[in-house]
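Under numbering that gives the first Met the number 0, think of the first position of the sequence shown as 0, with each following residue one higher. Heads up: the structure comes next, in structure tokens.
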Amino acid sequence: MQEYYRSMVPVCLALLMTVTSHATEADLLITNARVVDGTGSPWFVSDVVIRDGRIVEMGTNLDVDAETVIDAGQRVLAPGFIDVHTHVESSESRDGLLNLPRADNYLLDGVTTIVTGNCGGSELDIAAWNQSLQNLGINVATLIGHNSVRHAVVGLDDRTPTAEEMQQMLALVDKGMRDGAVGFSTGLLYVPGTYATTEEVVALAKVASGYGGVYASHIREQGAKLHESISEAVTIGREAKMPVQISHLKVKGRTRWGTIGSAIELIESYRREGIDVVVDAYPYERASTNLGVNLPRWAVAGTAQDIADRIEDEETHEQIVAGMKEMLVDGGYPDYSYATVARYRPNPSYNGRTISEINRLVERSEGTDNEIQTILDMMVEGGAAGVTQGASMVYHYMSEDDVDTILRYPNAAVASDGSIFTFGSGSPHPRSYGTNARVLSNYVRERNVLTLEDAVRRMTSLPARTFSFHDRGIIRPGFVADLVLFDPDRVTDKATFEDPHQYSEGFDYVVVNGVVAVADGEISNERGGQFVKHGVSQRL
């Protein structure tokens with residue numbers, strides 16, 4: 000018997016060698032990584048094996064025969080960041096995803112997936128838009144936007160849709176969801192969505208809910224009526240039976256700085272009732288939107304010519320000015336020095352200047368009356384140039400303490416509210432270039448507002464959960480290989496309000512669907528982006 004066992008030893012060893020000699024074949028192997036997996040759990044050291052666009056194995060001392068090997072050198076490997084609030088359907092001929100499909104500003108900020116169609120503004124024919132997107136550098140999902148739907152059917156007028164028009168809007172939302180939208184968005188501050196009743200929005204949201212969509216809302220008011228507006232968004236989600244994403248949560252105006260805590264408590268109270276409501280926010284105290292938000296809502300209904308006619312009518316002009324003064328006082332602003340032009344088509348020399356500076360540039364004396372006239376002139380001239388709401392602006396609406404409070408809230412995802420710009424064109428908000436790097440450098444490394452693991456969770460698994468991207472947002476075998484490798488001591492946002500066209504630094508590798516899109520901090524020629532649909536496991 001002993002002789003038998005001794006004779007079997009060489010055979011067993013041979014079998015063992017046969018079994019272990021077959022190394023795993025892979026497209027990409029990342030070794031020696033400090034994995035922050037997106038769940039919020041502590042980091043751990045692991046190799047990550049990628050084949051056919053997915054993570055197939057994790058562990059240490061793996062026997063892998065890979066086409067490409069990246070030694071992480073103990074740098075952080077995280078899921079690719081998911082930016083749930085973007086606007087990439089730019090009307091500017093040189094901007095937007097259609098014209099700049101590689102999306103360098105997002106890739107170099109660690110982003111691998113974006114959600115667009117926010118604030119009620121989206122493509123209407125989503126299937127055609129999907130077909131037109133070629134050579135994508137990043138993954139893109141879209142919402143179907145209420146403002147776009149209402150504009151197509153009702154126009155820009157302040158009125159209730161007819162029964163026939165309502166049926167047309169319902170049909171457009173239904174088609175958008177069938178074509179792949181991940182949910183329904185509103186921008187209830189903006190024309191024409193601002194003229195809709197809650198009941199109208201509920202009816203349309205129910206269509207999206209039937210497809211498992213999310214309700215994402217730029218709520219009606221972020222100042223004096225912030226709490227009422229949050230409650231309206233929750234009511235819509237409750238009645239439509241769908242999750243709620245409150246976009247870029249903030250409290251606007253110096254008179255209300257320091258009060259955001261009560262708004263967060265209100266949101267938490269709804270969560271305790273069992274309503275799935277979460278928020279997103281960007282790590283800046285300045286916002287960006289159009290010039291027309293400075294006018295009363297009734298004054299910006301209709302076409303650019305309608306707006307110009309109201310401004311030029313003596314009696315209506317006085318009413319507009321009175322409303323603008325009331326809004327200025329309500330926000331606690333002595334003048335419009337908090338409002339900076341990002342892009343003004345009729346006169347690019349205005350870009351980067353405040354309204355107060357432009358007022359002096361056109362040789363008007365100081366004072367709110369003259370600054371208001373400058374704004375109204377810009378509205379008319381901008382409308383004549385094809386920009387209905389005058390100009391793109393940056394506003395110092397928030398306080399840094401309030402932004403900190405929002406980003407500490409566990410159910411707040413990080414989002415840029417940004418777009419894709421032709422490099423060097425205009426003076427946009429720096430959030431389009433540096434949102435994620437700013438969170439990791441300023442909020443994690445420098446000021447310890449967030450831990451590294453929790454910051455990554457806000458950028459990955461939390462947005463993936465909200466939008467039902469079931470196989471993204473976590474580093475785990477079987478999940479899509481959307482990854483970012485970076486040095487947490489070196490990652491830095493370079494973009495500033497004064498010089499916004501600067502790419503982030505420190506994101507050394509970015510992998511999109513298994514394709515290395517950024518290598519050694521440089522954009523590669525490889526493109527792995529896809530159009531992503533709600534709740535669908537993507538076949539790569």
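Note that beta-carbon positions come from the ideal geometry of N, C-alpha and C, so glycine has one too.
- No Cβ-Cβ contact shorter than 7 Å links G186 with G260.
- Taken through DSSP and simplified to helix, strand or coil, V479 comes out as strand.
- Counting C-beta atoms within 10 angstroms of its own C-beta, L360 has fewer than 16 neighbours from the protein chains shown and is therefore classed as exposed.
- Annotated three-state conformation of A202 is helix, per DSSP.
- Scanning the region 451-532 for uninterrupted beta strand (DSSP E) segments of 3 residues or longer gives 482-485, 506-511, 514-518, listed from N- to C-terminal end.
- The alpha-carbon of G366 is positioned some 20 Å away from that of G351.
- Residues of the same chain with a CB within less than 6 Å of the CB of G175, apart from the 5 flanking positions on each side, are I125, I143 in chain order.
- Non-local beta-carbon contacts of S131 in its own chain, meaning distances under 8 Å to residues more than five positions away in sequence, involve L97 in chain order.
- Of all C-beta pairs linking the region 65-78 to the region 234-249, fewer than three are shorter than 8 Å, placing the two stretches out of contact.
- Bridge partners of M57 according to DSSP: V47.
- By the beta-carbon neighbour count (other beta carbons within 10 angstroms, threshold 16), K532 is buried.
- Rounded to whole angstroms, the separation of the alpha carbons of S503 and D519 is 13 Å.
- Residues of the same chain with a CB within less than 6 Å of the CB of A140, apart from the 5 flanking positions on each side, are V114, V181, V531 in chain order.
- In the structure shown, the three-state DSSP call for S261 is helix.
- M392 is bridged by DSSP to T288, V340.
- G39 carries a coil assignment under DSSP once its states are collapsed to helix, strand and coil.
- When DSSP assignments are scanned along the region 137-201, the uninterrupted stretches of alpha helix (DSSP H) that are 4 or more residues long and fall wholly within it turn out to be 145-152, 162-177.
- Three or more beta-carbon pairs separated by less than 8 Å are not found between the region 370-388 and the region 245-252, which leaves the two stretches without contact.
- Contact check between the region 33-44 and the region 465-476: three or more CB pairs, one atom from each, fall below 8 Å, which counts as touching.
- If you look at Y432, you'll find it in the alpha helix (DSSP H) that goes 430-437.
- Rounded to the nearest angstrom, the Cβ distance from G109 to F506 is 5 Å, consistent with a contact under 8 Å.
- Taking 3 residues as the shortest admissible run, the region 363-425 contains the following complete beta strand (DSSP E) segments, listed from N- to C-terminal end: 391-394, 411-413.
- Sorting L451, L327, F496, F80 by C-alpha distance to the C-alpha of T254 places L327 at the top.
- Contact check for V511 against G527 passes: the beta carbons are separated by less than 7 Å.
- Distance from P100 to N134 at the Cβ level is roughly 5 Å; contact confirmed, criterion being Cβ atoms closer than 8 Å.
- Note that the C-beta distance between T353 and T373 is not below 7 Å.
- The C-beta distance from L461 to A412 rounds to 5 Å, short enough to meet the 8 Å contact threshold.
- When C-alpha distances from L188 are compared across R53, T85, W297, V152, the shortest belongs to W297.
- Per DSSP, the continuous alpha helix (DSSP H) segment holding A239 begins and ends at 225-239.
- Pairing A300 with D156 gives a Cβ-Cβ distance under 7 Å.
- Of D329, G222, V278, the smallest CA-CA separation from A414 is found for V278.
- Residue pairing for A77: DSSP places it in a beta bridge opposite V483.
- A buried status is given to G425, since no fewer than 16 other beta-carbon atoms sit within 10 Å of its beta-carbon.
- Nearest C-alpha to I405 among N369, T459, Y283, T288: Y283.
- Under the three-state reduction of DSSP, T254 is assigned to helix.
- Under the three-state reduction of DSSP, S216 is assigned to strand.
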